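*Asks:* Structure provided below as structure tokens; questions to follow.
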Amino acid sequence: MKASEAPTIQSPTWNEYRNRVIAAIADVENLMRQLNKGINSEVLAEEVAERLGMEIDTPAAYEALLKLVRATRPIAREGLRRISEQHSGQFLLAL
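Numbering-wise (our numbering), the sequence shown opens with residue 4 and increments by one.
The following block contains the structure:
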């Protein structure tokens, strides 16, 4: 899929797309945590696009993805925190 063709908030598939982005963010965040490294939002957006098999084809599409990544990153982090708490600070990395 091209980034310019990604669902928008008015699309019936928006929630599914947003959830896939959150899951991809969580995967990358978890990997970075295990490597004891940080990642900025711009690189994270590129990693999310790669994990979703998305081609970033226009600057506007990149900006839209970047905004979505920035908006949903706290949601992904909260999910990771809850999982970590439930498993006493340990959980598996699914690659």
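Backbone N, C-alpha and C define an ideal beta-carbon position, used for all residues, glycine too. Please read these numbers as outputs of a predicted model, since none were measured by experiment.
How far does the alpha helix (DSSP H) with residue 52 in it extend, from its first residue to its last?
*Replies:* As a first step, residue 52 is located in the sequence shown; it is residue number 49 there, counting from the start. That run of the alpha helix (DSSP H) goes 44 to 54.
*Asks:* Any chance the segment 47 to 60 sits against the segment 21 to 29, with 3 or more Cβ pairs inside 8 angstroms?
*Replies:* yes
*Asks:* For residue 88, count neighbouring C-beta atoms within 10 Å of its own C-beta (all shown protein chains included) and say buried if the count is 16 or more, exposed if not.
*Replies:* For the purposes of this step, residue 88 is identified with residue 85 of the sequence shown, where counting begins at 1. By the 10 Å Cβ count, residue 88 comes out exposed.
*Asks:* Does DSSP put residue 5 in a helix, a strand or coil?
*Replies:* Position 2 of the sequence shown, counted from the start, is the residue given in the question as residue 5. Looking at residue 5 - three-state DSSP - the assignment turns out to be strand.
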